[in-house]
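A short write-up of the structure that comes next.
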Amino acid sequence: MNLSDLVFIVTALITVTAAVGVVGFKNIVHSALSLVLSFLGVAALYFQLQAGFLGLVQILVYAGAVSVLIIFAIMLVMDKDPDESNRSHAKQKYWGGLIALLVTLGLGAAIGSTIWPQSSGSLPEDSVGALATLLLGDYVVAFEVAALLLLVAVVGAIILAKGAGEHD
Amino acid sequence: MLSDYSTIGIFLMLTLAFPLAAMGMAWAVRPKPKCKPDDEKLLPYECGVDTIGRTWSRFKVNYFLYALVFLAFDVETIFLFPWAVKFSQLGLFAFVEMLLFIGILLIGLWYAWKEGALEWH
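Chains as they are written, first to last, in the working numbering: chain A, 1034 to 1201; chain B, 16 to 136.
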């Protein structure tokens, strides 16, 4: 076992433990914070696979923005005893566990039975740079449409939260 | 050979070790209390006014608006990043494209401003 395997095992352990914590914590805020740790662990795995840009997106979008949204959504609806806010259901937790087990087995079987072709090419030296050249060169229209999409998202979010035409 | 990403890992370990070392050092040199800490000692504030009512309560929707606007500009950052990495090689055309990109998103900021989403009532 070399250093790279050791790093993988540590990051995978952190990720999975944090994911179990999301389900296990009684306080839903602790669950959300555990989810952030899990996201960061996934980002670390991306970095380890030399997918730097993907890891960056994972940190910015998931660990940054999505977790902020989740925590703010919890803050909006928090109306219970915090220590009982993420209680597991007496019966349904067994169904949930069963479904999770089936999903794991199904995915495992699918991954195990797939033949993964090994790419013969070497890893690109500068994946972010290549992405920039493509994004601002050949795919510039898609790039600007993404800005429009974000604009629509901002406007839609404000209208949803405040109501259209209401000025208070 | 260390790749660029192991530098991140080393930094991460340093940032984990630093607060742990600081707290461990403080624990090692501080005077230990002889008696068990009582309720007064364990209060979150040693001075000032205690909070009234539950501290776990619903928050205003304004927080959520900030979060949503933040989300959009956070995604914008992702698009800015490859452009910033390659800035010197991309030239004027890419610069104009990025100005357009930021301009479109500034309309969103202007709209949020106009609708009072950034105001605190």
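The beta-carbon is built from N, C-alpha and C at its ideal position, and this holds for glycine as well.
CA-CA distance, residue i and residue j?
| i | j | result |
| --- | --- | --- |
| F79(B) | R73(B) | 12 Å |
| A1084(A) | V44(B) | 44 Å |
| A1052(A) | S1067(A) | 7 Å |
| E1117(A) | L1070(A) | 22 Å |
| A1143(A) | P1157(A) | 29 Å |
| L1082(A) | G1074(A) | 13 Å |
| D1201(A) | K75(B) | Here the model assigns D1201(A) a pLDDT of 49, short of 50, so the residue's position is not dependable and the matter cannot be decided. |
| R1120(A) | A1065(A) | 14 Å |
| F1072(A) | V1110(A) | 23 Å |
| L1184(A) | L1131(A) | 42 Å |
| L1078(A) | V1090(A) | 13 Å |
| W125(B) | A109(B) | 24 Å |
| L1181(A) | Y1127(A) | 45 Å |
| L1087(A) | L57(B) | 44 Å |
| I1104(A) | S21(B) | 31 Å |
| G1170(A) | V90(B) | 20 Å |
| N1035(A) | W128(B) | 54 Å |
| T30(B) | F1058(A) | 26 Å |
| C62(B) | D53(B) | 16 Å |
| V1101(A) | K49(B) | 42 Å |
| A1045(A) | V1187(A) | 35 Å |
| L105(B) | S1155(A) | 25 Å |
| S1146(A) | T1137(A) | 14 Å |
| A32(B) | G39(B) | 10 Å |
| L1093(A) | G1139(A) | 31 Å |
| F1080(A) | V1040(A) | 11 Å |
| W42(B) | E130(B) | 51 Å |
| S1037(A) | G123(B) | 44 Å |
| F26(B) | L35(B) | 14 Å |
| F1176(A) | L121(B) | 16 Å |
| N1060(A) | L1135(A) | 27 Å |
| I1107(A) | K1124(A) | 24 Å |
| G118(B) | V1173(A) | 15 Å |
Would you give the residue range spanned by the alpha helix (DSSP H) that residue i belongs to?
| i | result |
| --- | --- |
| H1063(A) | I1061 to Q1081 |
| S1121(A) | No alpha helix (DSSP H) holds S1121(A); DSSP gives it neither H nor E. |
| D1116(A) | That residue, D1116(A), is in no alpha helix (DSSP H); it is neither H nor E in DSSP. |
| M1108(A) | S1100 to V1110 |
| A1133(A) | Q1125 to S1146 |
| P97(B) | V76 to V100 |
| G1085(A) | G1085 to V1090 |
| A1045(A) | L1036 to G1057 |
| V1178(A) | V1173 to K1195 |
| S1160(A) | S1160 to L1168 |
Is residue i near the ligand NAP, in the sense that its beta carbon is under 7 Å from a heavy atom of that ligand?
| i | result |
| --- | --- |
| Q1081(A) | Among the ligands in the structure shown, none appear at all, so the ligand NAP cannot be discussed. |
Discussion item. What ranges does the alpha helix (DSSP H) occupy inside the segment 19-54 of chain B, keeping only unbroken runs of at least 4 residues that lie completely in it?
Written reply: 19-44
Discussion item. With a threshold of 8 Å, are at least 3 pairs of Cβ atoms found where one atom belongs to the segment 1146-1157 of chain A and the other to the segment 84-94 of chain B?
Written reply: no
Discussion item. Whether or not the segment 97-106 of chain B and the segment 1159-1169 of chain A are in contact is what I'm after, with contact meaning three or more pairs of Cβ atoms, one per stretch, closer than 8 Å; do they touch?
Written reply: Segments in contact, yes.
Worksheet item: Three or more beta-carbon pairs under 8 Å between the segment 79-89 of chain B and the segment 1089-1099 of chain A, yes or no?
Response: yes
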